[in-house]
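Report on the structure given below.
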Amino acid sequence: DLQTTARGAIVADLIQDESQDAYGLLNLRVRYIPDSGAWGVEAFGENVLDEEYIKDAGNTGDGLGMPTFIAGRPASYGLVFKLKL
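Quick note, the sequence shown lines up with residues 864 to 948 if you use my numbering.
As structure tokens, then:
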């Protein structure tokens with residue numbers, strides 16, 4: 864039973880046609896800070912296995928005949944250098 868109150872037509876997404884298999888993301892971070900603590904460096908990787916996944920499947924576009932999907936972030940890597948002045 865679905866009860867709604869609104870102006871205009873409401874089209875509910877009652878057909879669950881968006882699905883995906885289970886997935887896992889591997890994020891890594893390595894940090895080095897010397898004993899002096901005056902500086903530090905770290906390397907990081909997010910989604911290092913570059914897993915493709917859907918972060919969100921919206922229902923707003925479905926009502927207009929245009930399903931919306933938000934893809935998950937691809938693999939990314941970086942370095943961070945910190946210096947205390």
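Virtual Cβ for every residue (Gly too), placed ideally from N, Cα, C. The structure displayed is predicted, hence computed values, not measured ones.
From the DSSP output, read off the bridge partner residues of residue i.
{"i": "Tyr886", "result": "Note: Tyr886 sits in no beta bridge, so no partner."}
{"i": "Leu891", "result": "Gly908"}
{"i": "Ser939", "result": "Glu909"}
{"i": "Ala934", "result": "Ile917"}
Might you give, ordered along the chain, the residues of its own chain that have their beta carbon closer than 6 Å to the beta carbon of residue i, omitting 5 neighbours on each side?
{"i": "Tyr916", "result": "Tyr886, Gly935"}
{"i": "Gly908", "result": "Leu891, Tyr940"}
{"i": "Val943", "result": "Glu905"}
{"i": "Leu889", "result": "Val911, Leu912"}
Among the residues of its own chain, which have a CB less than 7 Å from the CB of residue i, if the five just before and after it don't count?
{"i": "Leu927", "result": "none"}
{"i": "Gln883", "result": "Tyr916, Ile917"}
Nearest to residue i by CA position, among the options, is which residue?
{"i": "Leu891", "options": "Ile933, Glu905, Ala920", "result": "Glu905"}
{"i": "Leu948", "options": "Trp902, Leu888, Val893, Ile896", "result": "Trp902"}
{"i": "Leu946", "options": "Ser899, Leu889, Val893, Leu888", "result": "Ser899"}
Three-state secondary structure (DSSP) at residue i?
{"i": "Leu948", "result": "coil"}
Can you list, in chain order, the residues of its chain whose CB lies under 8 Å from that of residue i, leaving out five sequence neighbours each side?
{"i": "Ala938", "result": "Gly908, Glu909, Asn910, Val911, Leu912, Asp913"}
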